Structure formats: C-alpha cells, structure tokens
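The structure appears below as structure tokens.
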Amino acid sequence: MKKIIDIKNTRANQFIPAWLRTLLVYLFVFYFSVIVSFIFLKRYYQNNYTDEKLMAFIQTPSKYNGVTGDPCLYAVYGDPVTDNYVRINLYCLGNKSSLNTLALEAFKNHSTLGIINELARINGFEVKSKDKGLVSLGDLSGNPYWQCDVNDAPLLDLTQEITNQSTINCYPNKDIASKYRRKDETN
Amino acid sequence: MKLIKYLILIPILLLAYNLRFTNYDKVPFPGQSQDEYSFSWVGMSLLQFGYPVGYSNITGYSHNISSYINVDRIFNSIGTRGGQPTTISRPWFDHPPTLGLITGGFAYLKGARVMEDAGVFLIRKPMLIIGTITVLAVFLLANRLFGFLPAIFASLVYATSPLIVVSSRMVQAENGMILFYILSLLFILYYCDKRKISYLWISGLLAGVTILFKIVGISAWLSGIIILFSSNNDRKLLLKEIVIFTVVTISIASIFPIYGTIYDPTTFVKILFTNSNRTYGVGSQAWYSLLTQVKITAGKFLTDGWPLSGWISIFVISLFTKSNKKFIYIVIPCFVYLIVYLFLGGEPYGWHHIPFFPFLIIAVAGTYKYINENVEYFGLLLLILLIPIGINISKVVKNADFNNISMLWRLVIICLALLSLMCTTKLNQLSIVKKTARVLIFGICCFAIYLTVRYSAIIDFGYWFGVN
C-alpha cells in the first residue's frame, strides 16, 4: 500500500503550489466543457441551418406589423446611397400616393412584378396578379387591372426586367393614370 | 436594525425601473441605432440555427445580403433609417454574442421568430432590468467605498439622470458590459479587504464576462491588475494574484475566439483586424467632446450636467485625496477605460460613453463625502452641483417662469457663496458653520435629485423629436 503513489506527496506536487494546481484543474475542466459545448453547437448548426431558412428569417414580414389594405398608407422614406436604384410610385384614390426609391441590390427578382412584390412585403400589403396584369394591391382593385408605366412607357409585361434608375408608376384605373400623366406634362 | 436602512433601496430601484420603462419603446426612436436590432438578430439566429447572422457595415465579410428589413417600420419613418437597405452579414463577428443571447433570447421566448419581429418594444425590455440592476451595483460599489449616504446619493443620481436613463434603455453592449465591470471591481475590492481567494476568482470571472460583452471590456482586466499592484507589496503574493486573475479572465474571454474559430476562422480574424483598424472617428478633439458633449446616439445630444460634474469630481478626488486609497478604486477604472476609448477610437457614438457614467456618478458621491468632512471646500461642491442644478432648472422651468423667481435664485446663490467664503476662513472651525454647511450640502443634493427626476419625466416622444 505504501508503494501506491501518494498523490499529495508526488514530486510534481511538491513543486506545484496548491493554487496553481487548482488553476490547472480549472483550465482543464473549463476548456473541456467549452469544447464539448461548441461541438454540440456546430452539430446543431449543421442540422438546423439552411439558406432557405435564413432567407425566411430575413424576409418574412413581422406578425406585429400587420397587413394593410391601403397600398398608399406607407412609403419608404429617404434615398439609398447608391446609383443602382429603382423608383416605384403608387397612386391611389383620394389623391393618396406612395413614393419609394429602393436600392436594386435588395432585389433578387428585377422584374416589375418582383419589385412590386418586394415593395408589398416592405410596406405590408398583398399583391394579386394574373398573366394580364395586377389585379389588386391591398384592397384596391384595378379597373380591370392596375396600369403601370416604366419610364413613361406603358408596361405590357409584368415579367419585364427593370433597368437601373428606372421609374415605375402604377395607377388603379385610367382616370387616375391620365390625371397624373397630365400633371407631369404640365410640369 | 442595520439592515432596515437598506430597505430604502426598494423605492430607488422602483424609481429607476419606472423612469426607464416610461416611453422605453419610443425614446430613443426605433431605428436610430441599427445595432439594437443586430444584437438581437444574432441571438435569435444562434438559437434557431446555431449560426450568427446580423447587421454589419464592416468590410471583410464574404457573405452579405441586402434587404429591407422593416422592423418597427423603420423604413416608413422619417429620420431614422433612410432608404438604404440593411446589410446582413454572416457569420457575424462584429462583437461577442453575449448581449444578443440575452435580448434575442428574450425575444425568442416571447414568440419572435423572424428579424422583423425583433421590435424595440420586445428587445429593450431586458435592458430595463439590466439598467435597474446596474443602479444596485452602483450603490454596492459606492457603499463599499464611501459609505451608506454617499451610496444612496450615487444610486439616486444614476437611477434618475436623464442621459443615463435614456442610454440604459438601448440594446448596446456597453449597457451589459458596465454591470459586470462594476461587479468585477466590487469583488476585487472584497478581495483586497479580506484576502479571500474566492473573491479574486469571482472578480476574474466577471472581468472575463465583461470582455464577452464587448472587447473594450478588457478595461475590467486592466483595472483589476492595476488595483492589485497598488494594494499589495508582497511580490510573491502579487504574482499569484495576477496569475489567477489574468488566467481566469482570459479563459472566459477566450470563448469568443473559440466561437469564431468554430464557424469561420479566416473571417473572424479579418473582422477582428478590420474592427481594430476602424476610422478614428472620435478625432483629436475626443477628450474635449467627452467633457462638453453629451451624445446619446450618432446624432442626438441630450444636455445633462451630471457627467461634467462627474469629470470635475474625478479630478478633485484624484488630486486632493491621494492619501485616501479608496478613491483610486474609482479613478483607476475610469482612466483605464478613458485610455482604451482614446486609443481604440472608432465612431463617436454616444453609447461609447456609457462605461464612464457609473464612475463619474460615484466620484460625485465621493466628493460629497470628502467635502462633508472638510467643509472648507464647500464652495467646490456648490460649483460641482450647480452644473446639473442649473441645467435641470432650465429644462424644467420655462424662461418666463424663471424670470419670476430669478431674484430668489440670485439671493440663494449669493448666500451660498458667502457661506462658501466663510468656510474657507477660520470660521469653518465653528460648529454652527460646519453644521449649516453640512445641512445645506444635504439639501442641495436633495434639490439636485428632485430636479433630475423632473427633467427625466418630461422626456417623451415629442421632447425627443425636438432634441438635436
């Protein structure tokens, strides 16, 4: 029994003070725990992360913001600090309008419909469309469709790609369209 | 019986919480700092995917996504965000994720699942608790250093100062960091008094956690080292203390680089270096700005006299009380953080000043104690307290109303000035003069606190809109 190593009296322990031994034990236990924790964290990441989940995390509208029936209730204020932008303006009934300038880098889909859908996501209204055009934005239906111009030229195809610094104007019916077009001509 | 007097802390903490809670989701405006959301997004993404994702304007990330994340409708509000989309970077390494795990974790528990759910009405709530607990920590530190009454004064000022109340609502790492900085100092104080090694260990752990909120929290470690040096002449013991304190601190702090290495060591190192090479935005006039400007965000200033009073107090106690060792426990941490702040620079955001506040306020309390014992310096305390009193009166009382009481104000000033002059002469030996001075000191402090509470109470959405 005497030959069994007496831990307290080993040579190493005679040279290593008690406080240092405590410190070394602490470091061993601490880093062992940290490494095990991070192995679990990495596994958790590998099992749970996908790019689709990330995009949903970033782009899903908040349940706290609510959805509005008025597409002209909100607008994105301010201009992006870039030369790569698109202007998208909605003109609604009752002289209401929503004027927005958005950076193109925030859009994956550069078609007119893609940009309108993105604006709808930001400002919190729904978009209904058919092949022929925009049926409704929020609760405001087109007559029979919303009319849109791109750089003052009538938009015939919602899938048309938008070029840099373009301006999209959308109106729910011909009367409002001609009113704002006449205003532009007068100016 | 001794413990009963501590019951006074309950109304102080309730007052602190109430002032912080009122308009917490409106002032500062949501979106005035994107960092608030970013910290919480990092926490939420870590909890949901085990992967940190947040907002960054630092170059060096290889994965960036631009998107209009309309949390709190910041893009639909004038004067907060502008039209620039948010740049989301991953894996996010701007700062350690500790604060994000608190605020993002809280938001997640309350049902937030996407970035837009992390509104300030949710993510600022944990900061109200942290801010209130920090008031308690300020009391404990001031009580240890200067006694009960100065500690009550310090905690009241910290609970009610408008700059501190508004700043403490924000989801900024400095608000989390300062709580653990104070607690680390408190335990190192306990250790220096009682030489119980467990206190040193706890102090080291807390200093490490301070760094895990923000890397500038290394001030806690530096302060601890300097305090250990100045409180111990035995070289062997000193070496042991420094080794224990440093190893424990660094071990906790090393969690951040290990965490970075798990995800992307190259990006982690790149961001670390980019962070340390940021534009020296504070500029050569940083020291002047620190003394004279009271910023809360990047562009909003809120006039508050307490920080300037605190700086004067710091200089008073460091010059006049060299023989009293306890004062160094306030002066050292303040100056260590000042050196770190001036050295690292970065943008001159208001929240970078937050770590100064507890030490400045405790310094005012220390000056109060010192002058209470040495009434010949009564005039000095009067000058120090006249700064916040004057500013608070100008905010609380309209100009027209002040004109009605200006004669009374001038009379009071004259009387106090005369008493100050008397105190500088041999008349200060008379007990009536000493007692009068002490009663007036107490009264002036109470008046200052009263005005501070009144000022804090008027800061609402409309007031904040008009602040420049």
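Just so you know, the protein sequences line up as chains A and B, in that order.
Our numbering numbers the first residue of the first sequence as 1 and each following residue consecutively.
Our numbering numbers the first residue of the second sequence as 1001 and each following residue consecutively.
Glycine included, every Cβ here is placed at the ideal spot set by N, Cα and C.
In this text, all values refer to a predicted model and were calculated from it rather than measured experimentally.
Can you name the start and end residues of the alpha helix (DSSP H) that residue 1214 of chain B belongs to?
Position 214 of the second sequence holds residue 1214 of chain B. Here residue 1214 of chain B belongs to no alpha helix (DSSP H), and DSSP marks it neither H nor E.
Going by beta carbon distance, what residues of the same chain come within less than 8 Å of residue 1313 of chain B, once the five residues before and after it are set aside?
Taking the first residue of the second sequence as position 1, residue 1313 of chain B is located at position 313. Correct list, in chain order: 1360, 1363, 1364, 1366, 1367 and 1384.
Counting only runs of 3+ residues fully inside the stretch 1024-1066 of chain B, write out the beta strand (DSSP E) ranges in chain order.
Counting whole runs of 3 or more residues, the stretch 1024-1066 of chain B contains no beta strand (DSSP E) stretch at all.
Determine, for residue 1463 of chain B, whether the minimum Cβ-Cβ distance to residues of chain A falls below 7 Å.
Taking the first residue of the second sequence as 1, we reach residue 1463 of chain B at position 463. No, its Cβ sits nowhere closer than 7 Å to a Cβ of chain A.
For residue 1350 of chain B, I'd like the list of residues in its chain whose CB is within less than 6 Å of its CB, leaving aside the five on either flank, ordered along the chain.
The residue labelled residue 1350 of chain B in the question sits at position 350 within the second sequence. So the list reads 1295, 1296 and 1297, once near-sequence residues are dropped.
Using a beta-carbon distance below 7 Å, is residue 1036 of chain B in contact with chain A?
As a position in the second sequence, residue 1036 of chain B is number 36, starting the count at 1. No - not a single Cβ of chain A is within 7 Å of the one on residue 1036 of chain B.
Within the stretch 24-66 of chain A, note down every full alpha helix (DSSP H) run reaching 4 residues or more, in order along the chain.
Fully enclosed alpha helix (DSSP H) runs of 4 or longer: 51-59.
Pick from A:18, A:90 and A:72: whose alpha carbon is nearest that of residue 167 of chain A?
Along the first sequence, read from residue 1 onward, the residue named residue 167 of chain A stands at position 167. Per the Cα distances, A:90.
Within 7 Å (strictly less), CB to CB, does residue 33 of chain A reach chain B?
Your numbering for residue 33 of chain A matches position 33 in the first sequence. False, the Cβ-Cβ gap to chain B never drops below 7 Å.
With a threshold of 6 Å on Cβ separation, who are the neighbours of residue 146 of chain A within its own chain once the five nearest residues in sequence on each side are excluded?
For this step, residue 146 of chain A is matched to residue 146 along the first sequence. Closer than 6 Å at the Cβ level, and outside the excluded window around residue 146 of chain A, lie 134, 170 and 172.
Looking at residue 1119 of chain B and residue 1071 of chain B, is the spacing between their C-beta atoms short of 7 Å?
For this step, residue 1071 of chain B is matched to residue 71 along the second sequence. For this step, residue 1119 of chain B is matched to residue 119 along the second sequence. Result yes, Cβ atoms of residue 1071 of chain B and residue 1119 of chain B sit closer than 7 Å.
Would you call the CB atoms of residue 1150 of chain B and residue 1223 of chain B closer than 7 Å?
Here the question's residue 1150 of chain B lines up with position 150 in the second sequence. Here the question's residue 1223 of chain B lines up with position 223 in the second sequence. Result no, Cβ atoms of residue 1150 of chain B and residue 1223 of chain B do not sit closer than 7 Å.
Tell me whether the stretch 1174-1191 of chain B and the stretch 1210-1219 of chain B touch, counting them as touching only if at least three CB pairs, one residue from each stretch, are closer than 8 Å.
Yes: the two stretches touch, three or more of their Cβ pairs being nearer than 8 Å.
Thinking C-beta only, is residue 1138 of chain B closer than 7 Å to residue 1306 of chain B?
What you label residue 1306 of chain B is simply residue 306 of the second sequence in a count that begins at 1. What you label residue 1138 of chain B is simply residue 138 of the second sequence in a count that begins at 1. No, these two residues do not count as a Cβ contact at 7 Å.
For the structure I just gave you, are there three or more beta carbon pairs, one from the stretch 1334-1345 of chain B and one from the stretch 1216-1230 of chain B, closer than 8 Å?
Result yes; three or more Cβ-Cβ pairs closer than 8 Å.
Cα separation between residue 1026 of chain B and residue 1121 of chain B?
Sequence index remark: in the second sequence, residue 1026 of chain B carries index 26 (1-based). Sequence index remark: in the second sequence, residue 1121 of chain B carries index 121 (1-based). Looking at the two C-alpha atoms, the distance is approximately 8 Å.
Under a Cβ-count criterion, where at least 16 other Cβ atoms within 10 Å of its own Cβ denotes burial, should residue 1445 of chain B be classed as buried or exposed?
Your numbering for residue 1445 of chain B matches position 445 in the second sequence. Buried is the call here.
So if DSSP puts residue 1087 of chain B in a beta bridge, which residue, or which two residues, is it bridged to?
Numbered from 1 along the second sequence, position 87 holds the residue referred to as residue 1087 of chain B. B:1066.
Within 7 Å (strictly less), CB to CB, does residue 1084 of chain B reach chain A?
As a position in the second sequence, residue 1084 of chain B is number 84, starting the count at 1. Chain A contact via Cβ: present.
Between which two residues does the beta strand (DSSP E) carrying residue 193 of chain A extend?
Outside the shown range of chain A (1 to 187) lies residue 193 of chain A, about which nothing can therefore be said.
I'd like the span of the alpha helix (DSSP H) that includes residue 1309 of chain B, first residue to last.
Position 309 of the second sequence, counting from 1, holds the residue named residue 1309 of chain B. It spans 1306-1320 - the alpha helix (DSSP H) in which residue 1309 of chain B sits, taken as one unbroken run.
Just the Cα atoms here: how many angstroms apart are residue 161 of chain A and residue 178 of chain A?
For the purposes of this step, residue 161 of chain A is taken as the residue at position 161 of the first sequence. For the purposes of this step, residue 178 of chain A is taken as the residue at position 178 of the first sequence. Rounded to whole angstroms, residue 161 of chain A to residue 178 of chain A spans 25 Å at the Cα level.
Would you mind telling me which residues of chain B sit closer than 7 Å to residue 91 of chain A, beta carbon to beta carbon, in chain order?
For the purposes of this step, residue 91 of chain A is taken as residue 91 along the first sequence, with counting starting at 1. Result: empty, since nearest Cβ-Cβ is about 18 Å, beyond 7 Å.
Using a Cβ cut-off of 7 Å (strictly closer), state whether residue 77 of chain A contacts chain B.
Indexing the first sequence from 1 puts residue 77 of chain A at position 77. Yes, residue 77 of chain A lies at the interface with chain B (some Cβ there is under 7 Å from its Cβ).
What distance in whole Å lies between the Cβ atoms of residue 118 of chain A and residue 1085 of chain B, which are believed to be in contact at a cut-off of 8 Å?
Within the second sequence, residue 1085 of chain B is the residue found at index 85, counting from 1. Within the first sequence, residue 118 of chain A is the residue found at index 118, counting from 1. With 8 Å as the limit, residue 1085 of chain B and residue 118 of chain A do not qualify as a contact, their Cβ atoms being about 10 Å apart.
Under three-state DSSP, which class holds residue 149 of chain A?
Taking the first residue of the first sequence as 1, we reach residue 149 of chain A at position 149. Residue 149 of chain A: strand per DSSP, three-state reduction.
Which first and last residues belong to the alpha helix (DSSP H) in which residue 103 of chain A is found?
Locating residue 103 of chain A in the first sequence gives position 103, counting from the first residue. No alpha helix (DSSP H) holds residue 103 of chain A; the beta strand (DSSP E) holding it covers 97-103.
By DSSP, does residue 126 of chain A sit in helix, in strand, or in coil?
Indexing the first sequence from 1 puts residue 126 of chain A at position 126. Correct three-state label for residue 126 of chain A: coil.
For residue 162 of chain A, name the three-state secondary structure that DSSP assigns.
Translated into the one-based positions of the first sequence, residue 162 of chain A becomes position 162. The answer is coil: DSSP assigns residue 162 of chain A none of H, G, I, E or B.
Between residue 179 of chain A and chain B, is any beta-carbon pair separated by less than 7 Å?
Mapped onto the first sequence, residue 179 of chain A falls at position 179. It does not; no Cβ of chain B falls within 7 Å.
Which first and last residues belong to the beta strand (DSSP E) in which residue 88 of chain A is found?
Taking the first sequence and counting its residues from 1, the one referred to as residue 88 of chain A is at position 88. Counting along the chain, the beta strand (DSSP E) containing residue 88 of chain A begins and ends at 85-91.
DSSP three-state call for residue 1275 of chain B: helix, strand or coil?
Within the second sequence, numbered from 1, the residue matching residue 1275 of chain B stands at position 275. Three-state DSSP puts residue 1275 of chain B in a helix.
At 7 Å on the CB atoms, spell out the chain A contacts of residue 1050 of chain B, in chain order.
What you label residue 1050 of chain B is simply residue 50 of the second sequence in a count that begins at 1. Within 7 Å Cβ-Cβ: 41, 44, 45, 48 and 49.
Pick helix, strand or coil for residue 1301 of chain B, following the three-state DSSP scheme.
By one-based count along the second sequence, residue 1301 of chain B stands at place 301. Residue 1301 of chain B falls in the strand class under three-state DSSP.
Should residue 1188 of chain B be flagged as near chain A, meaning a C-beta pair shorter than 7 Å?
Along the second sequence, read from residue 1 onward, the residue named residue 1188 of chain B stands at position 188. It does not: the Cβ of residue 1188 of chain B has no partner Cβ on chain A nearer than 7 Å.
Strictly by DSSP, which residues pair up with residue 136 of chain A?
Walking along the first sequence from the start, residue 136 of chain A turns up at place 136. Its beta-bridge partners are A:128 and A:141.
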